[in-house]
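S.K.: Protein chains in written order, with the numbering used here: chain L, 1 to 85; chain S, 1 to 115.
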């Protein structure tokens with residue numbers, strides 16, 4: 001299983017639902033809470049997201065080298081299926 | 001930090017936003033639970049930062065960019081939100097939407113390709 005990373009905001013409804021999606025499937029993930037770190041770390045995180053093709057709209061999800069922006073269960077399933085192959 | 005009674009502030013934000021969203025062609029999402037959560041998050045952000053920022057978009061050091069995500073941020077993202085028939089966080093949906101549960105978040109870089 002490739003690494004799952006969820007970039008999130010603590011205030012974001014769709015970030016919570018994204019985490020729930022992976023929790024319900026018992027898929028471990030690393031959560032990066034953008035709004036819970038200092039400015040310098042936020043800049044580093046935003047650079048990381050932009051390099052992967054994202055922007056400031058959360059959640060941003062990485063499954064291995066596949067990425068998705070926004071809560072999209074169908075896309076998450078596709079990303080997980082790709083990783084199984 | 002500005003201290004508000006959260007429930008009162010949620011009601012106030014709802015009253016402030018409703019006529020603005022209406023003029024922009026939008027209405028509150030029909031799911032009252034989601035609306036309550038999102039208004040609560042905005043009330044917290046307003047209390048902490050002075051503005052009811054979108055709870056699902058990141059603020060940076062760029063104040064001009066941050067102002068584009070103060071709720072209701074529909075005018076600054078008009079094309080994108082009209083394409084999704086909802087705003088990014090889902091507090092508002094387009095007035096002609098009957099089944100809001102089917103609306104998806106379309107990443108900002110993808111909706112342009114659909115047009």
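In this text, a Cβ means the ideal position worked out from N, Cα and C, and glycines have one as well.
Note that the structure is predicted; figures quoted are calculated from it, not measured.
1) For the stretch 91-107 of chain S, enumerate the residues whose C-beta is nearer than 8 Å to any C-beta of chain L, in chain order.
2) Please return the same chain residues whose Cβ sits closer than 8 Å to the Cβ of residue 84 (chain S), not counting the five positions on each side in sequence.
3) For residue 62 (chain L), does the three-state DSSP call read helix, strand or coil?
4) Output needed for residue 71 (chain L): all residues of its chain with C-beta closer than 7 Å, excluding positions within five of it in sequence on either side, in chain order.
5) Taking CB distances under 8 Å as the criterion, tell me whether residue 38 (chain S) reaches chain L.
6) Can you list the residues of chain S that residue 13 (chain L) reaches, using a CB-CB cut of under 8 Å?
7) Would you mind reading off the limits of the alpha helix (DSSP H) that contains residue 86 (chain L)?
8) From which residue to which residue does the alpha helix (DSSP H) around residue 35 (chain S) run?
9) Give a yes or no on whether the C-beta atoms belonging to residue 156 (chain L) and residue 33 (chain L) are separated by under 8 Å.
10) Report the three-state DSSP secondary structure of residue 4 (chain S) (helix, strand or coil).
11) Just to confirm, is the Cβ distance from residue 72 (chain S) to residue 38 (chain S) under 8 Å?
12) So if I threshold CB-CB distances at 8 Å, which residues from the stretch 30-52 of chain L count as touching chain S?
13) If we cut at 8 Å on Cβ distances, does residue 72 (chain L) have a partner in chain S?
14) According to the neighbour-count rule (16 or more other Cβ atoms, all chains shown, within 10 Å of its Cβ), is residue 60 (chain S) buried or exposed?
15) Give the DSSP bridge partners of residue 55 (chain L), in chain order.
M.R.: Answer, in terms of the structure:
1) Residues passing the 8 Å Cβ filter: 104, 105, 106, 107.
2) Annotation for residue 84 (chain S): 103, 104, 105, 106, 111 place their beta carbon closer than 8 Å to its own, counting only its chain and skipping 5 residues before and after.
3) Residue state, collapsed to three classes: strand.
4) Short of 7 Å from the beta carbon of residue 71 (chain L), and not among the five residues preceding or following it, lie these beta carbons of its own chain, in chain order: 14, 17, 18, 59.
5) True, the Cβ-Cβ gap to chain L drops below 8 Å.
6) Chain S residues near residue 13 (chain L): 34, 37, 38, 41, 55, 56, 89, 90.
7) Past the edges of chain L, shown from 1 to 85, lies residue 86 (chain L), and the structure says nothing about it.
8) 32-49 is the span of the alpha helix (DSSP H), which, as asked, contains residue 35 (chain S).
9) Outside the displayed span of chain L (1 to 85) sits residue 156 (chain L), for which this structure offers no information.
10) Looking at residue 4 (chain S) - three-state DSSP - the assignment turns out to be coil, as it is neither helix nor strand.
11) Annotated as distal: residue 72 (chain S) and residue 38 (chain S), with beta-carbon spacing of 8 Å or more.
12) Under the 8 Å Cβ criterion, the stretch 30-52 of chain L contributes 34, 35, 39, 42, 43, 46.
13) So, interface residue.
14) Exposed: under 16 other Cβ atoms inside 10 Å.
15) According to DSSP, residue 55 (chain L) bridges with nothing at all.
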